[in-house]
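Peer 1:
Number of protein chains: 2
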Amino acid sequence: MAYVLQVDFKMDGPFGDEMAEEFSDLAKSINEEEGFMWKIWTENQETNDVGGIYIFKTKETAEKYLDMHSKRLARLGIEDVNAKIFSINSKLTEITKGPII
Amino acid sequence: MAYVLQVDFKMDGPFGDEMAEEFSDLAKSINEEEGFMWKIWTENQETNDVGGIYIFKTKETAEKYLDMHSKRLARLGIEDVNAKIFSINSKLTEITKGPII
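Line by line, the protein sequences are chains A and B. FYI, the numbering for the first sequence is 5 to 105, going by the numbering used here. FYI, the numbering for the second sequence is 5 to 105, going by the numbering used here.
(1) Does THR46/A come within less than 9 Å of chain B when only Cβ atoms are used?
(2) Determine the direct distance from the alpha carbon of LYS68/B to that of ILE34/B, and round the result to whole angstroms.
(3) Just reading off the beta strand (DSSP E) that MET41/A is part of, what are its end residues?
(4) Rounded to whole angstroms, what's the CA-CA distance from GLU25/B to PRO18/B? Just pull it up for me.
(5) If distances are taken between C-alpha atoms only, which option among ARG79/B, LEU9/B, TRP42/B, PHE90/B comes closest to LEU96/A?
(6) Please go through the same chain and pick out, in chain order, the residues whose beta-carbon is closer than 8 Å to the beta-carbon of THR46/A, but skip the five residues on each side of it.
(7) Compute the Euclidean distance between the alpha carbons of GLU64/A and LYS32/A, then round it to the nearest angstrom.
(8) Starting from the Cα of ALA87/B, find the closest Cα among LEU80/B, ALA66/B, LYS101/B and give me that residue.
(9) Taking 9 Å as the threshold (beta carbon to beta carbon), is LEU96/A in contact with chain B?
(10) Check this for me: beta carbons of ILE104/A and LEU9/A, under 9 Å apart or not?
(11) According to DSSP, what are the bridge partners of PHE13/B?
(12) Listed from N- to C-terminal order along the chain, which residues in the region 27 to 53 of chain A have their beta-carbon within a distance smaller than 9 Å of any beta-carbon of chain B?
(13) At which residues does the alpha helix (DSSP H) containing ALA31/A begin and terminate?
(14) Quick one: does ALA66/B have its CB under 9 Å from some CB of chain A?
(15) Below 8 Å on the Cβ atoms is my guess for TYR7/B versus SER91/B; work out the distance and round it to an integer in Å.
(16) Below 9 Å on C-beta distance, what does ILE92/B contact in chain A?
(17) What residues are listed by DSSP as bridge partners for SER74/A?
(18) If contacts are defined as beta-carbon pairs under 8 Å, then LYS99/B and SER28/A qualify, I think. What distance do you get, rounded to the angstrom?
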């Protein structure tokens with residue numbers, strides 16, 4: 005059963021196309037992480053919140069990624085990270101057309 | 005451009021199949037909300053966190069839904085709701101196979 009990793013934190017930019025350019029290599033590397041299925045990249049230029057909605061194949065791979073990602077963000081000076089890992093209620097998600105098994 | 009609404013809050017259950025049974029009519033009604041595209045239902049039985057990852061067609065419809073949903077949760081006694089609305093970085097999301105335009 006797949007797991008959701010929900011992450012957000014404050015960042016002063018870049019956003020939009022500039023962000024895409026700066027992080028495209030990172031994005032490609034995320035595709036190679038163990039258990040990774042997909043990520044939607046989130047940003048709010050008004051509040052300087054950025055983050056992502058990830059799907060991992062297992063709770064363990066989500067936890068492992070979050071641990072690595074938190075350390076990577078800390079190296080960039082970002083210590084205050086909101087992160088939660090959830091299982092998925094498949095029956096309700098099926099009703100509301102969520103794109104996940 | 006689509007928007008992400010990320011919501012979570014504490015709830016003492018029900019979870020899993022019981023939750024699905026209790027909220028299936030609610031789930032069907034969410035499909036009818038203006039601008040709604042999909043929702044993944046999230047739950048963590050260890051921490052009593054529940055919530056959802058929603059996609060709406062516009063920022064305005066995401067905001068309108070959140071306002072209505074917050075009032076509905078307040079009527080159930082749930083006042084402490086974490087909610088954030090984000091735009092999507094399409095270029096990075098395409099690289100990481102996020103299931104959204």
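We treat Cβ as the ideally placed atom computed from N, Cα and C, and that holds for glycine.
Peer 2: This is what the structure gives:
(1) It does: the Cβ of THR46/A has a partner Cβ on chain B nearer than 9 Å.
(2) As the crow flies, the alpha-carbon of ILE34/B is around 13 Å from that of LYS68/B.
(3) For MET41/A, the enclosing beta strand (DSSP E) starts and ends at 40 to 48.
(4) Rounded to whole angstroms, GLU25/B to PRO18/B spans 9 Å at the Cα level.
(5) If we check each option's Cα against that of LEU96/A, TRP42/B comes out closest.
(6) Taking C-beta separations shorter than 8 Å and ignoring five residues to either side along the sequence, the partners of THR46/A in its chain run ASP12, ASP53, VAL54, GLY55, GLY56, ILE57, following chain order.
(7) GLU64/A and LYS32/A: Cα-Cα distance of roughly 21 Å.
(8) Out of LEU80/B, ALA66/B, LYS101/B, the CA that lies nearest to the CA of ALA87/B is found in ALA66/B.
(9) Between LEU96/A and chain B, the shortest Cβ-Cβ separation is below 9 Å.
(10) Contact annotation: ILE104/A and LEU9/A have beta-carbon atoms that are not nearer than 9 Å.
(11) Looking at the DSSP assignment, PHE13/B forms a beta bridge with VAL54/B.
(12) Against chain B - using a Cβ distance shorter than 9 Å - the residues of the region 27 to 53 of chain A are PHE27, SER28, LEU30, ALA31, LYS32, ILE34, ASN35, PHE40, MET41, TRP42, LYS43, ILE44, TRP45, THR46, GLU47, ASN48, GLN49, THR51, ASP53.
(13) Counting along the chain, the alpha helix (DSSP H) containing ALA31/A begins and ends at 20 to 34.
(14) Not flagged as an interface residue toward chain A: ALA66/B, since no C-beta distance is shorter than 9 Å.
(15) That pair is a contact at about 6 Å.
(16) Contact of ILE92/B with chain A by beta-carbon distance below 9 Å involves ILE44, TRP45, THR46, GLU47.
(17) Its beta-bridge partners do not exist; DSSP assigns none.
(18) It should be noted that the sequence gives Ile, not Lys, for residue 99/B. Indeed, because the Cβ distance is near 6 Å, the residues count as touching under 8 Å.
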